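Each remark here refers to the structure printed beneath this line.
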Amino acid sequence: MTEDQSRIKFWQILSAVEYCHNRNIVHRDLKAENLLLDSNNSIKIADFGFSNYYTPGGQLSTWCGSPPYAAPEVFEGKKYVGPEIDIWSLGVVLYVLVCGALPFDGCSLQALRDRVLSGRFRIPYFMSSARLNFTGKYKRTITATQKSFFVIGFSQLSVKR
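See the structure below:
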């Protein structure tokens, strides 16, 4: 997938997640396998089986989702508000869109956990600095993600939903 194609698809996913978060719904199982294409080739998010309502300032603690997409705080058993978990998973989804592989892997759950907690992942030679900027450490919010160098310049008007 080209950089522009991945930007368009990622913006569609980001917009759908923003819609959920604005209604205090957290998905908690965002992954490539839960992204479907409709007849217009637009992304639709599926499988809300682990979704939950959240309260800003409140905390959730249930381990949900798929380990390769799980945020560090989930692996550590820490409580979380909710949206930050989805944003982490979106970063993994973006990596998959661009690279065709998961950023974190391991031969066991413990090995995967160690990789996620270390924050180290392979950066392919073809990954642009725009993508590198996005996948680095940043505040995990929809707003921060929308303002990332990789996403900036795309708006609701310029991207077909």
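Quick note: the sequence shown, position 8, residue 9 per the working numbering, numbers continuous.
Glycine included, every Cβ here is placed at the ideal spot set by N, Cα and C.
Keep in mind the model is a prediction, meaning the values are calculated, not measured.
Thinking C-alpha only, which one of N35, C100, L15 and R116 is nearest E85?
L15
Can you tell me which residues form a DSSP beta bridge with V27?
N53
What does the Cβ neighbour count give for D5, buried or exposed, with the cut at 16 atoms within 10 Å?
exposed
Using alpha carbons as the reference points, say which of D87, D115 and Y20 lies closest to Y70.
D87
Would you mind working out which of C21, S43, D30 and R24 sits nearest F11, comparing C-alpha positions?
S43
Mind the definition here: the stretch 22 to 32 touches the stretch 50 to 65 only if three or more C-beta pairs lie below 8 Å; say whether that holds.
yes
For D61, the first and last residue of its enclosing beta strand (DSSP E):
Position check: residue 61 holds Leu in this sequence, whereas Asp was assumed. Premise fails: L61 is in no beta strand (DSSP E) and is neither H nor E.
Any idea which residues DSSP pairs Y70 with across the strands?
DSSP lists no partner for Y70.
Nearest to L113 by alpha carbon, out of D48, A72 and Q60?
A72
Counting C-beta neighbours from all protein chains within 10 Å, is the total for I9 16 or more, i.e. buried, or is it exposed?
buried
What do you get for R123, buried or exposed, if any count of 16 or more other CB atoms within 10 angstroms of its CB means buried?
exposed
Suppose the cutoff is 8 Å on Cβ atoms and the five residues either side in sequence are ignored; what does the same chain contact list for E77 look like?
L118
I'd like to check one pair, V82 with G58: are the Cβ atoms closer than 9 Å?
yes
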